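**Student:**
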Amino acid sequence: MQGLQIDALSAGYGARTVIERLSVEQLARGQICALLGPNGCGKSTLLRALAGLHPAHGSLRLNGQQLVGLTPAHRSRQVVYLPQSLPDGVRLSVLESVLVAQRAAGEARADPQAVLALLTRLGIDHLALHHLDALSGGQKQLVGLAQSLIRRPALLLLDEPLSALDLNYQFHVMTLLREETQRRNIVTLVVLHDLNIALRHADHALLLARGRYIADGPPQSVITPAHLAQVYGVQARVESCSSGHPQLIIDGLSTPPLR
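For the record, in the sequence shown the residue sitting at position 218 is 218 according to the UniProt record's numbering, with numbers rising by one throughout.
What follows is the structure, encoded as structure tokens:
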């Protein structure tokens with residue numbers, strides 16, 4: 001079966017279990033899945049478990065291949081994880097850092113033209129010779145996205161890649177991600193807190209609370225008044241705006257959410 005299947009996955013760190021027996025029948029290739037849920041519900045832990053950075057028990061199949069038990073080197077050829085922020089103190093230019101990522105993906109030789117083309121699509125080609133430490137938080141997020149895309153993964157894991165970006169870049173990045181996900185026929189799993197972005201740009205949504213599965217499916221079937229009250233503790237509804245896109249409207253607080 002193509003795509004990502006998760007069966008009875010448990011993961012955590014130390015003695016603490018964060019994700020408890022999570023099962024998702026299929027996240028399809030060529031689609032963006034928005035990973036949703038309140039702070040501390042296990043979204044980042046799930047991504048790190050999928051990337052092999054946290055111990056995990058259960059089954060993870062990507063395009064029919066079992067990921068659990070693969071060596072980190074073997075898994076990293078298929079799975080790329082972008083954390084919320086890049087490490088500090090890296091004395092490389094933007095161009096050099098993306099070239100390093102390209103070579104890490106197993107390319108026989110570096111291809112600066114392909115890297116510059118990707119930087120141009122992301123709107124950061126003017127930063128190619130700037131050192132990473134001289135960049136803003138949002139610029140670093142865009143460089144991290146370039147480093148991830150240049151590696152051509154089968155599974156792309158993005159942890160809040162929009163958190164430091166302005167509205168223009170948020171829209172631009174999600175549009176580019178959709179194009180690249182469809183063109184490369186990969187699975188993209190992205191942590192989002194803005195539910196309106198999920199409604200507009202995601203093909204699928206997975207909602208968690210307390211490390212447990214709440215719902216998955218098309219975003220409008222997941223982002224419902226009942227789920228929003230249960231998970232976020234808000235009274236909200238989804239309506240169609242003038243352009244025809246779904247729009248989340250929050251009317252107020254409801255019962256205490258799941259924590």
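Every residue, glycine too, gets a C-beta built ideally from N, C-alpha and C. None of the values given here were measured: they were computed from a predicted structure.
Return the chain-ordered ranges of every alpha helix (DSSP H) run that is complete within the segment 72 to 137 and spans a minimum of 4 residues.
**Tutor:** 72 to 76, 94 to 104 and 112 to 121
**Student:** Can you list, in chain order, the residues of its chain with a C-beta nearer than 7 Å to that of Q65? Leave out the 5 residues immediately preceding and following it.
**Tutor:** Locating residue 65 in the sequence shown gives position 65, where the first residue counts as 1. Here the set comprises nothing.
**Student:** Can you find the residues in the same chain that come closer than 6 Å, C-beta to C-beta, to residue 308, ignoring five residues on each side of it along the sequence?
**Tutor:** As displayed, the chain neither begins before 1 nor continues past 259, which places residue 308 out of reach and without an answer.
**Student:** Judging by CA-CA distance, which residue of T175, Q84, A101 and L155 is the nearest neighbour of L122?
**Tutor:** Start at 1 with the first residue of the sequence shown, and residue 122 comes out as number 122. It is T175.
**Student:** Counting beta carbon pairs with one atom in the segment 83 to 93 and one in the segment 121 to 140, are three or more of them shorter than 8 Å?
**Tutor:** Cβ pair count under 8 Å is three or more, so yes.
**Student:** Assuming P225 is part of the alpha helix (DSSP H), what are its boundary residues?
**Tutor:** Position 225 of the sequence shown, counting from 1, holds the residue named residue 225. P225 to Y232 is the span of the alpha helix (DSSP H), which, as asked, contains P225.
**Student:** Check for me: the alpha helix (DSSP H) holding V190 runs from which residue to which?
**Tutor:** Along the sequence shown, one-based indexing puts residue 190 at 190. Counting along the chain, V190 falls outside any alpha helix (DSSP H), though it belongs to the beta strand (DSSP E) covering V187 to V191.
**Student:** For S163, which of H204, H227, L86 and S221 has the nearest alpha-carbon?
**Tutor:** Against the sequence shown, residue 163 aligns to sequence position 163. If we check each option's Cα against that of S163, L86 comes out closest.
**Student:** In the DSSP assignment, what residue or residues form a beta bridge with H204?
**Tutor:** Counting from one through the sequence shown, the residue named residue 204 turns up at place 204. In the DSSP output, where bridge partners are listed per residue, H204 has C33.
**Student:** Let me check one thing: in DSSP terms, what residues is L53 bridge-paired to?
**Tutor:** The residue labelled residue 53 in the question sits at position 53 within the sequence shown. According to DSSP, which records beta bridges pairwise, L53 is partnered with nothing at all.
**Student:** For the segment 44 to 64 against the segment 74 to 82, do three or more pairs of beta-carbon atoms, one drawn from each stretch, fall closer than 8 Å, so that the two count as touching?
**Tutor:** Yes, the segment 44 to 64 is in contact with the segment 74 to 82.
**Student:** Where do the N-terminal and C-terminal ends of the alpha helix (DSSP H) with Q220 fall, by residue?
**Tutor:** As a working mapping, residue 220 is identified with position 220 in the sequence shown. Start and end: P219 to V222.
**Student:** Measuring only the C-alpha atoms, how far is I250 from Q102?
**Tutor:** Here residue 250 refers to the residue found at position 250 when the sequence shown is read from its first residue. Here residue 102 refers to the residue found at position 102 when the sequence shown is read from its first residue. Between I250 and Q102, the C-alpha separation is close to 43 Å.
**Student:** Is L199 helix, strand or coil by DSSP?
**Tutor:** Taking the sequence shown and counting its residues from 1, one reaches residue 199 at position 199. Of the three classes helix, strand and coil, the one that applies to L199 here is helix, per DSSP.
**Student:** Taking Cβ to Cβ, would you say R178 is nearer than 8 Å to H204?
**Tutor:** The residue labelled residue 178 in the question sits at position 178 within the sequence shown. The residue labelled residue 204 in the question sits at position 204 within the sequence shown. The answer is no: Cβ separation not under 8 Å.
**Student:** I'd like to know whether the C-beta atoms of G138 and D166 end up nearer to each other than 8 Å.
**Tutor:** Along the sequence shown, read from residue 1 onward, the residue named residue 138 stands at position 138. Along the sequence shown, read from residue 1 onward, the residue named residue 166 stands at position 166. Taking a C-beta distance under 8 Å as the contact criterion, G138 and D166 qualify as a contact pair.
**Student:** With a CB to CB cut of under 7 Å and the five nearest residues on each side skipped, what residues in its chain are close to L99?
**Tutor:** Numbered from 1 along the sequence shown, position 99 holds the residue referred to as residue 99. Exclusion of the five residues before and after L99 leaves A110, P112 and V115 as the residues of its chain whose Cβ lies within less than 7 Å of its Cβ.
**Student:** Specify, as a first and last residue, the run of the alpha helix (DSSP H) that E160 falls within.
**Tutor:** Residue 160 sits at position 160 when you count from the first residue of the sequence shown. It is not in any alpha helix (DSSP H) - E160 carries neither H nor E in the DSSP assignment.
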